[in-house]
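Heads up: the sequence lines are chains E and U, in that order.
Each residue of the first sequence is one higher than the one before, starting from 8 at the first, in the working numbering.
Each residue of the second sequence is one higher than the one before, starting from 426 at the first, in the working numbering.
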Amino acid sequence: MPIHEEHLIRPENLKTQEDLVIDGIDVSGHWSTFIESRVVTDYNEALEEEIAALPGGEYIHRCWQCGSCTNSCTVNEVNPDFNPRYWIYLIRMGMESELLRDKEIIWQCVSCNKCTYACPRDVVPEGVMKATAHWLELKGHTPKSPSMVFDEVFTEQVIQTGKIEEGRIIRSFFKRTGQELMQDWLVEMVKRLVAKLPVTLLWKMGLANVLRPRTSGWAGARDAIQDYVDEKNAEHRKALRLDELVELAKQEAKPGQQMAAE
Amino acid sequence: MTSKPVLIVGGGPAGLAAAHGLATIGQKSILVEKEDRLGGAPILSGYAKLVPSGEWARDAIGGMVDRVEGNGLVDIKKGITVSEFSGEPGNFTAKLSDGKSVKAASAVLCTGFTHFDSVNKPEWGFGTFPDVVTTTQVEQMISSGAGVRCPSDGRKPKRVAILLCVGSRDRQIGREWCSKICCTVSANLAMEIREELEDCHVYIYYMDIRTFGLYETSYYWRSQEEFKVKYIKARIAEVTSDGDKLIVKGEDTLVKRPITIPFDMVVHAIGMDPNVDNMLLSTIFDVELEPHGYIGKQTAYGTMGATSRLGVFVAGSATGPETIDDSIAQGNAAAMSAYALMHGAVKAAAE
């Protein structure tokens, strides 16, 4: 019998035998369809603490599941599967496998912060979404998002020189994300800049690109900021047990390598 | 003015409060307790730390016992029950189980409740699997100093599930009432477990959380924020075992997902049944029971703790699920009612 509301069921849980005869009766196709139930078989007890250890996730423990965040959400209006309330619950209860099913949508948060103002418990759901997207990247479940790459390029330059030079940021960003530098819109923008801007300004911009000016006496600040960033990164790696996981992956890989060597 | 004493039946928090209250205003009482010691459920069942004071039951209720036991105005009769009760307000006669009779001006029933017997919910594994225990047993593990351990082999549990509403809010077994205290008691126990066993995770499975009033912050949120206790909205279908761990099955209703989770220990947050003796008490004292089987009481606007029979009062969890603090308050209130009756105030008001 055909299943009504089939769209509610994840395709991999629909089991159909294309060729099945039971007691001489052909029940191939949809006659043999059954739905496999999705069962949560364990909790990851560390999950909430891991998210809470990342910037933005600090107040996740306050959530009481009222759904104000989801109701006020900009993205939810476009994509009903985008449900911060639900993910916060999964994280708090440690249902990691369920959370990972939605890894392709979680990063879509546009940081409008409507949820931040709607939340009666001051959970800062926008921060939790940011922390969760970050968590997914750090754990290797999702590739680095373009915005994360941009942040890195930007931050590296600020830390190095104490200044930002837009031309170089764009170039590094395009390079790291594998994009062509000569993009039509960029070429057009540069053409118009050249046509309209005063020559002295263009000259200064060109020079800045070549000479890489720094804020004077920046070295001390640079080292201090770098130390702080390293310290925070190390904290996050530790909270997420990333080094342990890398070690574990290495050990698991070893027997395979030996076999290959033999 | 009469010199007859007030008969208090039951030596738990309500009865102890009533006896003490009457003694402070110079009124004699007879305190009849069927067990061989005073203190009621908190002492007899070995409760650990009480809500909301955080004091050990043996200290808090023990203190109440001490001040009554040392008081000359309270005639304590332990290991005794009332078998017959007759007469009029101001002139009752109670026949006791030791064959003696006593005169009393009025009576206060502080006969308490009975813990729900989890065997009546066999699908949750109590009586089948040794590591399925009740909140009372966990209280005893803590109060005895033994610590929270799996009864099967004495190991420290790594993961504990507390199931709420065991014997409460359940029409299947004729118990429609909310036992009122179990949510808060469970949150309290969860925190005590987390305090003793740092790497033991505690999950509370609930239908609704009723940590009423101020307990919202000090139990519900404190258990989550400080002690990382997890609350999962699920009514558990069954507790089984794979031979090693207990397997808890149910549906997490907030994510519409069936769950099958292994646990080391499952705790039933058992409810408060009407005292198993209530039918008998109802006959002996000629007082009506309310529909759930607790001793019925009149509205509070006239006389606190009045039953269907003039001169017989009721206080504490004999009237329905009640907290210890409120039982104590009701014990005092009923004592005041009994005293007022003796002085004719109630009678005069009725006329």
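We treat Cβ as the ideally placed atom computed from N, Cα and C, and that holds for glycine.
Taking the Cα of residue 649 (chain U) as reference, the smallest distance to any Cα among U:737, U:626, U:732 and U:659 is reached at U:626.
DSSP, reduced to helix, strand and coil, places residue 91 (chain E) within a helical segment of the structure shown.
With 16 or more other Cβ atoms from the protein chains shown falling within 10 Å of its own Cβ, residue 732 (chain U) counts as buried. Among the CB atoms of chain U, none fall inside 9 angstroms of the CB of residue 14 (chain E).
Between residue 150 (chain E) and residue 139 (chain E), the alpha-carbon positions lie close to 13 angstroms from each other. The DSSP-derived three-state label of residue 508 (chain U) is strand. Take the alpha-carbon of residue 594 (chain U) and the one of residue 31 (chain E): they are about 50 angstroms apart.
Residue environment for residue 747 (chain U): buried (at least 16 other C-beta atoms within 10 angstroms of its C-beta). Residue-level contact check: residue 691 (chain U) does not touch chain E, since none of the beta carbons of chain E fall below 9 angstroms from its beta carbon.
Between the beta-carbon of residue 753 (chain U) and that of residue 438 (chain U) there is about 5 angstroms, and that keeps the pair under the 8 angstroms contact cut.
Counting C-beta pairs closer than 8 angstroms gives three or more between the region 627 to 636 of chain U and the region 602 to 615 of chain U, which meets the contact rule.
For residue 699 (chain U), the uninterrupted beta strand (DSSP E) run begins and ends at 697 to 699, by DSSP. Pairing residue 737 (chain U) with residue 531 (chain U) gives a Cβ-Cβ distance under 9 angstroms. Judged by DSSP in its simplified three-state form, residue 44 (chain E) adopts coil rather than helix or strand. With the rule of 3 Cβ pairs closer than 8 angstroms, the region 430 to 444 of chain U does not count as touching the region 255 to 262 of chain E. Where residue 458 (chain U) is concerned, there is no enclosing alpha helix (DSSP H), although the beta strand (DSSP E) around it starts and stops at 454 to 458. About 5 angstroms separates the Cβ atoms of residue 588 (chain U) and residue 630 (chain U), confirming a contact at the 8 angstroms cut-off. Counting along the chain, residue 441 (chain U) sits inside the alpha helix (DSSP H) bounded by residues 438 to 449. Residue 488 (chain U): member of the alpha helix (DSSP H) spanning 482 to 494, first to last residue. By a beta-carbon distance limit of 8 angstroms, residue 436 (chain U) contacts residue 456 (chain U). Their separation comes to about 6 angstroms. Burial is judged here by how many other beta carbons sit within 10 angstroms of a residue's own beta carbon; residue 726 (chain U) has fewer than 16 and is exposed. With respect to residue 615 (chain U), residue 688 (chain U) sits apart: the two C-beta atoms are not nearer than 9 angstroms. At a cut-off of 9 angstroms between beta-carbon atoms, residue 229 (chain E) makes no contact with chain U.
Selection E:51, E:121 and E:155 evaluated against residue 181 (chain E) yields E:155 as nearest (Cα-Cα). Bounds of the beta strand (DSSP E) holding residue 676 (chain U) are 671 to 677. The Cβ neighbour count for residue 696 (chain U), taken over all protein chains shown within 10 Å, is at least 16; the residue is labelled buried. For residue 109 (chain E), there is no enclosing beta strand (DSSP E), as DSSP marks it with neither H nor E. Neighbours of residue 68 (chain E) across chain U, judged by C-beta separation under 7 angstroms: 649 and 650.
For residue 557 (chain U), the uninterrupted beta strand (DSSP E) segment begins and ends at 557 to 559. By the rule that beta-carbons nearer than 9 angstroms mark a contact, residue 683 (chain U) touches chain E.
Taking all protein chains shown into account, residue 199 (chain E) has fewer than 16 neighbouring C-beta atoms within 10 Å of its C-beta and is therefore exposed. The contact set of residue 72 (chain E) on chain U, defined by CB atoms closer than 7 angstroms, consists of 679 in chain order. For the C-beta of residue 97 (chain E), the chain U residues within less than 8 angstroms are, from N- to C-terminus, 680. Secondary structure note for residue 627 (chain U): its beta strand (DSSP E) is the uninterrupted segment 626 to 631.
With a cutoff of 9 angstroms on beta-carbon distance, residue 141 (chain E) and residue 99 (chain E) are scored as not near each other. The beta carbons of residue 17 (chain E) and residue 73 (chain E) sit no closer together than 9 angstroms.
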